[in-house]
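The structure appears right after this line, and notes come after that.
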Amino acid sequence: MLLILRAIIVIIYCILVCVFGSIYCLFSPRNPRHVATFGHLFGRLSTVFGLKVELRKPASAVNNGKCIYIANHQNNYDMVTVSNIVQPRTVTVGKKSLAWIPFFGQLYWLTGNLLIDRDNRAKAHGTIAQVVEAFAKKDISVWMFPEGTRSRGRGLLPFKTGAFHAAIAAGVPVVPICVSTTSGKINLNRWNNGHVIIEMLEPVDTSGYSKESVRELAAYCQELMQTKIVQLDAEVAQREAAEK
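Just so you know, we're using the UniProt record's numbering here: the sequence shown kicks off at 1 and counts up by one.
Written out as structure tokens, the structure reads:
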């Protein structure tokens with residue numbers, strides 16, 4: 001019964017946000033400030049799913065400037081968890097097919113996100129140039145999931161190098177964002193689905209890296225994130241055990 005109630009609330013909420021959001025965005029289409037606004041609106045659904053989301057970010061985060069944010073990509077619940085920490089004037093990089101999803105796809109495009117063809121390897125390489133060009137033309141940051149796919153309970157997957165090539169080419173830092181594990185912990189028929197901690201780490205300077213050493217940068221960032229996710233999972237487990 002609770003699952004059905006949640007489904008009804010989520011569907012109605014998402015349709016309303018997408019429809020009225022798309023109309024709102026028509027007054028300033030493709031404006032990157034919209035992404036954080038609607039990301040935070042979708043993030044409010046975390047309470048509907050019985051999740052207590054805690055956000056952590058350095059005090060210096062407001063001074064990050066142009067950068068590439070990278071985060072672990074777990075499942076569809078990312079849309080209501082990690083979306084809470086999307087920073088102003090940050091756009092995401094998504095599959096071109098997202099634009100065809102009814103209601104959501106239109107909002108996704110109108111908010112200024114970058115759409116790529118991941119099924120075409122040549123065009124995927126062009127994505128790096130597209131991201132670099134976006135940095136040159138606009139005052140934005142870019143959000144990417146370096147795993148390239150949802151991990152679905154398999155832990156942090158190996159990083160692809162696209163985000164790091166783009167950061168080096170654009171001359172911007174990489175800012176890791178770590179989300180405690182949500183896979184396997186959310187029961188839609190349970191009121192309380194526990195805690196989720198989302199932590200933004202300090203920027204990683206890319207000025208000392210080149211395209212020849214891009215894998216070193218990717219490996220370094222992956223190690224940072226893996227270590228932090230383990231810490232966050234331990235903290236969540238301890239907190240939830242204390243509440244039982």
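Where a beta carbon is used, it is the ideal one built from N, C-alpha and C, also for glycine.
Can you tell me which residues form a DSSP beta bridge with residue i?
i           : result
residue 144 : 70
residue 56  : 199
residue 176 : 70
residue 204 : 174
May I have the straight-line CA-CA distance separating residue i from residue j, to the nearest angstrom?
i           : j           : result
residue 160 : residue 25  : 32 Å
residue 79  : residue 49  : 12 Å
residue 43  : residue 228 : 22 Å
residue 20  : residue 13  : 11 Å
residue 111 : residue 206 : 28 Å
residue 96  : residue 36  : 20 Å
residue 173 : residue 152 : 28 Å
residue 214 : residue 22  : 38 Å
residue 114 : residue 242 : 43 Å
residue 31  : residue 244 : 45 Å
residue 128 : residue 162 : 6 Å
residue 199 : residue 221 : 14 Å
residue 166 : residue 17  : 32 Å
residue 164 : residue 2   : 42 Å
residue 187 : residue 193 : 7 Å
residue 100 : residue 106 : 7 Å
residue 235 : residue 59  : 21 Å
residue 66  : residue 10  : 33 Å
residue 232 : residue 53  : 12 Å
residue 88  : residue 28  : 16 Å
residue 212 : residue 130 : 20 Å
residue 5   : residue 104 : 21 Å
residue 34  : residue 102 : 19 Å
residue 156 : residue 178 : 10 Å
residue 117 : residue 98  : 10 Å
residue 189 : residue 7   : 11 Å
residue 70  : residue 204 : 11 Å
residue 134 : residue 154 : 33 Å
Can the beta-carbon of residue i be found closer than 8 Å to that of residue j?
i           : j           : result
residue 176 : residue 224 : yes
residue 144 : residue 197 : no
residue 108 : residue 94  : yes
residue 41  : residue 81  : no
residue 239 : residue 195 : yes
residue 84  : residue 45  : no
residue 169 : residue 142 : no
residue 15  : residue 91  : no
residue 148 : residue 86  : no
residue 202 : residue 209 : no
residue 61  : residue 146 : no
Hey, does residue i have any beta-carbon neighbour from chain D nearer than 8 Å?
i           : result
residue 204 : This model lacks chain D altogether, as it is built from one protein chain only.
- request: Return the chain-ordered ranges of every alpha helix (DSSP H) run that is complete within the segment 72-133 and spans a minimum of 4 residues.
  value: Entirely contained in the segment 72-133, the alpha helix (DSSP H) runs reaching 4 residues are, in chain order, 104-110.
message: Measuring CB atoms only, is the segment 74-91 touching the segment 177-195, in the sense that at least three cross pairs come out at less than 8 Å?
response: Below 8 Å, enough C-beta pairs join the segment 74-91 and the segment 177-195 to call them touching: three or more.
task: Could you pull out every unbroken beta strand (DSSP E) segment of at least 3 residues lying fully inside the segment 7-46, listed in chain order?
output: Runs of the beta strand (DSSP E) inside the segment 7-46: none found.
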